[in-house]
Amino acid sequence: MGWVELFIRRHILTWMLMIALVLFGILSVQKMGISEFPDVDFPVVDITVSWEGANPELVEKQLADPIENAISSVQGITAIYTVARSNGVSVTAEFELNTPIDTAVQDIQVALARIQRQFPREVDPPVVRKTNPEDRPIIWVSVVSDTLSRADLMAKVRDQIRPRFTTIPGVASVQMGGYVDPAILIQPNLHRMSQLQLSLQDIGSSLQTEHIELPAGPLESRKKDLAVRVMGEAETMDAIKQLPITRRG
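Structure follows, in structure tokens:
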């Protein structure tokens, strides 16, 4: 006797099974979790390589292209996003959802270890970390000014605006996109350097030793204790020009 014949002859059993299936289906639907934005752990790996002083074109040629070629052979990668900028490059590799994130990180590290010797000596070692797209910024706020210069605007955002955002409940971190630390470009007089028998290393070493702020120890009294420091940092362009340059060695 087949299943069809069994259900035809024993119709009461058939109705009981159908009712049971409907009841279990209704209970399952009611207890099923539904979310408009479900918490999915995407296997994403970020690679960051720093190269101080390099322009975007050089970073793209010396860092971005070799990294892309090296990790493109890693199994499970679905997409690669690269941002070449001044002083470094950021590469994001997205993997298939069923890829274990720890295995993906190890495969990326092995691929980078094969080409790391090709990088220039000034390049810092690559930093590989696993990330979650949900942890990235959800709000970007633009700050513009018609009166402040770019340097003054960045300083105002860093010193006044950013601290206010960090105190808002629920804010985990605040990133400043487009912020660049102040820098001074020094162009030495090669003819004058030759007369004084100075090298570029002498200028760099002198700036590191003279343009520095050092602690001078505590100053204790009956009423208060003070921390004394030596104000050796140059705060203006004229002060930098007055720094003594000595020959090393």
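So for the sequence shown, the working numbering puts the first residue at 1; every next one is plus one. Backbone N, C-alpha and C fix where the C-beta goes; we use that ideal spot for every residue, glycine too.
In this structure, the straight-line span from the alpha carbon of Ile-67 to that of Gly-217 is close to 48 angstroms. In this structure, DSSP gives Glu-52 a state outside helix and strand, which the three-state scheme calls coil.
Of all C-beta pairs linking the stretch 54–65 to the stretch 83–102, three or more are shorter than 8 angstroms, placing the two stretches in contact.
In the structure shown, Glu-220 adopts extended strand secondary structure according to DSSP, grouped into three states.
By the neighbour-count criterion, in which a residue is buried when 16 or more other Cβ atoms sit within 10 angstroms of its Cβ, Ala-79 is exposed.
Ranked by Cα distance from Leu-185, the first of Gly-204, Met-193, Tyr-179 is Gly-204. Burial is judged here by how many other beta carbons sit within 10 angstroms of a residue's own beta carbon; Asp-107 has at least 16 and is buried. Counted as a single uninterrupted DSSP element, the beta strand (DSSP E) harbouring Phe-95 occupies residues 88–95. Beyond the five residues adjoining it in sequence on each side, His-191 comes within less than 6 angstroms, by CB distance, of no other residue in the same chain. Separation of the CB atoms of Leu-153 and Val-143 is rounded to 7 angstroms, and the pair is thereby assigned contact status at 8 angstroms.
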